[in-house]
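Here is the structure we will look at.
Residue numbers (this note's numbering), protein chains in the order written: chain A, 2 to 230; chain B, 300 to 556.
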């Protein structure tokens with residue numbers, strides 16, 4: 002079924018592209034995101050730039066397909082959306098080398114890291130970023146049929162207006178390096194997702210707006226925002 | 300009721316104490332298929348299928364003081380992935396670091412979906428309890444997204460078990476003694492009555508913004524008394540009525556590093 006069909010999206014639940022429900026992501030891994038902090042990185046509470054990858058977890062209650070409405074909590078005007086490409090693991094990856102890292106990747110998908118805006122990266126408050134539906138995921142595209150993760154362009158639109166263009170070429174740790182560093186201390190399993198990192202500053206969406214994230218060769222991700230139900 | 304999940308003779312089994320009612324010292328297990336086996340004959344797995352793993356930082360006043368943290372108005376909550384989980388009698392890797400410590404914690408396992416649950420109804424959503432030992436490696440602490448995953452989300456560093464204990468069998472989860480022994484010596488002691496944010500508060504708080512599902516588990520934090528441990532150490536965490544969770548520390552070499 003997969004052979005010779007070129008670029009197309011595979012439903013979530015077809016092995017080996019079936020998602021496990023475990024979603025990890027890197028923050029501050031896009032040069033623009035770290036640059037936005039300027040010299041803050043050397044001041045309290047951080048005191049130094051990040052050494053290891055800065056990682057987050059999106060729990061299962063946050064996972065949502067394209068098109069699902071994201072609810073903006075009462076008292077909040079707008080939500081931040083980090084647009085990123087995610088790797089879908091195809092094999093168990095433990096302490097893998099950068100050179101062989103992509104052998105462990107089955108496919109790609111677009112990941113949106115939605116959060117109530119928060120200025121601090123010190124101790125994340127999961128009340129702001131682990132709310133129901135706060136991790137919309139695009140459909141998975143097989144690795145064989147898509148572009149290299151070293152040079153994907155991620156375009157983010159609010160309604161019909163382009164608001165951000167970012168390239169995975171500007172990642173501090175490219176996909177292979179990130180996989181090597183992450184799997185040095187935590188094993189990733191087939192179907193796990195590792196998001197590579199969004200550019201900064203993150204676009205913000207208000208009630209009634211729709212964010213669309215597009216990457217050539219990947220299924221796009223559409224996220225409508227509405228106020229509290 | 301006490302339930303375990305174990306691997307034995309080529310399959311994974313549900314298991315219960317063989318005859319503990321008659322003899323509390325009897326550590327044999329009865330598998331669901333009727334076989335009676337010794338505790339050391341099986342591989343103990345985490346006693347339930349864990350969903351989202353939610354952990355509390357600094358939820359005992361004494362431990363917060365130990366780590367010189369000011370009182371928080373809101374719980375310090377972080378998340379953990381499934382690769383961290385390990386069963387009773389397992390082996391946890393200690394890389395070549397200066398300070399790795401255990402954390403004995405009461406784990407609260409959800410049994411029904413929970414969304415916007417008031418504290419008065421929180422226990423209706425709790426299925427049961429187990430012991431957790433949630434290791435941390437202080438060397439890797441950075442001030443970015445604390446506690447960063449390299450400290451707190453390592454393979455095999457969150458031990459659960461030995462038993463899943465039904466909520467109905469725990470008369471008062473707000474008065475349970477916790478103890479950790481390293482090589483038989485008592486190093487940590489506390490009581491769940493000293494939780495800063497208690498179980499009903501945590502269920503109400505968490506379910507106010509995230510839907511909790513059956514199998515989601517809340518690790519409620521650890522009291523003071525965490526000390527550095529070394530390869531070869533045997534770490535045993537006890538909680539009143541929940542049993543004794545044993546783990547052995549191994550060096551990098553055992554893991555091919």
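Note that beta-carbon positions come from the ideal geometry of N, C-alpha and C, so glycine has one too.
Buried or exposed: where does residue i fall if 16 or more other Cβ atoms within 10 Å of its Cβ makes it buried?
i                      : result
residue 3 of chain A   : Residue placement at residue 3 of chain A is flagged as unreliable, the pLDDT there being 36, under the threshold of 50; the coordinate-derived value follows with that caveat. With fewer than 16 other Cβ atoms within 10 Å, it is exposed.
residue 312 of chain B : buried
residue 152 of chain A : exposed
residue 322 of chain B : exposed
residue 97 of chain A  : buried
residue 515 of chain B : buried
residue 326 of chain B : exposed
residue 553 of chain B : exposed
residue 177 of chain A : buried
residue 375 of chain B : buried
residue 257 of chain B : The requested residue 257 of chain B does not occur in the structure, where chain B is confined to residues 300 to 556.
residue 48 of chain A  : exposed
residue 44 of chain A  : exposed
residue 162 of chain A : exposed
residue 433 of chain B : buried
residue 390 of chain B : exposed
residue 348 of chain B : exposed
residue 485 of chain B : exposed
residue 217 of chain A : exposed
residue 340 of chain B : exposed
By DSSP, does residue i sit in helix, in strand, or in coil?
i                      : result
residue 401 of chain B : coil
residue 511 of chain B : strand
residue 135 of chain A : coil
residue 220 of chain A : coil
residue 538 of chain B : strand
residue 130 of chain A : helix
residue 159 of chain A : strand
residue 546 of chain B : strand
residue 8 of chain A   : For residue 8 of chain A, the predicted structure reports a pLDDT of 39, less than 50, and the residue's modelled location is therefore unreliable. The matter cannot be settled from this model.
residue 499 of chain B : helix
residue 381 of chain B : helix
residue 33 of chain A  : helix
residue 459 of chain B : strand
residue 307 of chain B : strand
residue 79 of chain A  : strand
Please decide whether residue i counts as near chain A, where near means a Cβ-Cβ distance under 7 Å.
i                      : result
residue 396 of chain B : no
residue 351 of chain B : yes
residue 376 of chain B : yes
residue 455 of chain B : no
residue 445 of chain B : yes
residue 509 of chain B : yes
residue 381 of chain B : yes
residue 546 of chain B : no
residue 539 of chain B : no
residue 449 of chain B : yes
residue 358 of chain B : no
residue 442 of chain B : yes
residue 527 of chain B : no
residue 432 of chain B : no
I think residue i touches residue j, with their Cβ atoms under 8 Å apart; what is that distance to the nearest whole Å?
i                      : j                      : result
residue 406 of chain B : residue 430 of chain B : 7 Å
residue 214 of chain A : residue 155 of chain A : 7 Å
residue 359 of chain B : residue 544 of chain B : Contact doesn't hold; Cβ gap of about 18 Å is too wide.
residue 55 of chain A  : residue 27 of chain A  : 7 Å
residue 189 of chain A : residue 102 of chain A : Incorrect: roughly 10 Å between the Cβ atoms, too far for contact.
residue 591 of chain B : residue 473 of chain B : Outside the shown range of chain B (300 to 556) lies residue 591 of chain B, about which nothing can therefore be said.
residue 383 of chain B : residue 457 of chain B : 4 Å
Is the distance from the Cβ of residue i to the Cβ of residue j below 7 Å?
i                      : j                      : result
residue 191 of chain A : residue 91 of chain A  : yes
residue 46 of chain A  : residue 123 of chain A : yes
residue 222 of chain A : residue 139 of chain A : yes
residue 34 of chain A  : residue 206 of chain A : no
residue 210 of chain A : residue 160 of chain A : yes
residue 346 of chain B : residue 303 of chain B : yes
residue 506 of chain B : residue 414 of chain B : yes
residue 173 of chain A : residue 378 of chain B : no
residue 534 of chain B : residue 401 of chain B : yes
residue 361 of chain B : residue 522 of chain B : yes
Between residue i and chain B, is the shortest Cβ-Cβ distance under 7 Å, so that the two count as touching?
i                      : result
residue 55 of chain A  : yes
residue 19 of chain A  : no
residue 32 of chain A  : no
residue 130 of chain A : no
residue 144 of chain A : no
residue 133 of chain A : yes
residue 186 of chain A : yes
residue 105 of chain A : no
residue 118 of chain A : no
Beta carbon of residue i: closer than 6 Å to some heavy atom of the ligand PLP?
i                      : result
residue 399 of chain B : This structure lacks the ligand PLP; in fact it carries no ligand of any kind.
Measure from the C-beta of residue i to each C-beta in chain C and report whether the shortest distance is under 7 Å.
i                     : result
residue 62 of chain A : Structure shown: chain C not included; protein chains present are A and B.
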